[in-house]
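Numbering (our numbering), first residue to last: 41 to 291.
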């Protein structure tokens, strides 16, 4: 998948492109108020249920970015974007416009993927110590036997990033299918080494995915990992761009 500068402005997203927008969660009240102004009542209610302000701000910024991006591609206002939700909570457009999208936020970052080419899943995570559990203990709970073995074989200094490389690759894959954690993470395997290309390595429950699924590690700020999963065998162009350039300039 090629990576190039994004200049598309048309409301119709080219069928061979995936656009990934990245945003740092703003801290200034005016920007946050602008974001909240485009949210629907149920989204505001969800945001206000968070105990900590940073979580409210992160959720509000993520959902506002989603509405603004979809509105741009569809040629409608952010407030006019209507959602429906799948069995396991994955959002989709209420009307079939041919766009597929997925959203993730962690720490101070929001990652949003939009395309008309195929289903997508995206995940971003902040690298952090596992608390009272060791990385290998958590891996044994959630990862496949092969993934645990690969993680254990790495130098301890590399295990933290490898753990989150594996985690984001697995999360992106299950979000691609809209399954959430209803699909046990140990039932499939991805590559673990953070310095090697992301790839799906085993899916006993859906073997055809080995041919039609692609995983792509995304550019992140230090201390984060992110991955995109796509459900297409077609050659696609990935365009990753900071939210500070939204909406994109004319061609």
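Where a beta carbon is used, it is the ideal one built from N, C-alpha and C, also for glycine.
| query | result |
| --- | --- |
| Cutoff 6 Å; reference residue 190; Cβ partners in own chain excluding five residues on either side | 232 |
| Beta-carbon spacing of residue 188, residue 179 below 8 Å | yes |
| Exposed unless 16 or more other CB atoms sit within 10 angstroms - verdict on residue 199 | buried |
| Assigned exposure category for residue 47 - 16 Cβ within 10 Å defines buried | Because the pLDDT of residue 47 is 37, which lies under 50, any placement of that residue in the model is unreliable, and the question is left without a value. |
| Sheet register partners of residue 133 (DSSP bridge) | 123 |
| Helix, strand or coil at residue 57 according to DSSP, with G and I counted as helix | strand |
| Straight-line Cα distance separating residue 253 from residue 110 | 24 Å |
| Residue 91 and residue 148 closer than 8 Å at C-beta | no |
| Per-residue burial, residue 250 [other beta carbons within 10 Å of its own, 16 or more giving buried] | exposed |
| Where residue 128 falls: helix, strand or coil (DSSP) | coil |
| Classification of residue 247 by the beta-carbon crowding that lies within 10 angstroms, buried from 16 upward | exposed |
| Own chain residues within Cβ distance below 6 Å of residue 62, not counting five before or after | 151, 282 |
| Local Cβ density within 10 Å of residue 82, reported as buried at 16 or more and exposed below that | exposed |
| Sequence-distant residues of its chain with Cβ nearer than 6 Å to residue 182 (five each side left out) | 225 |
| Closest residue to residue 78 among 118, 87, 114, 266 (Cα-Cα distance) | 118 |
| Of the listed residues 127, 270, 123, 130, nearest to residue 136 (C-alpha basis) | 123 |
| Range covered by the beta strand (DSSP E) that runs through residue 145 | 140-146 |
| Pairwise C-alpha distance: residue 167 and residue 265 | 7 Å |
| 8 Å contact criterion, which residue 153 and residue 230 should meet: CB distance rounded | The pair is not a contact, with the Cβ atoms about 18 Å apart (cut-off 8 Å). |
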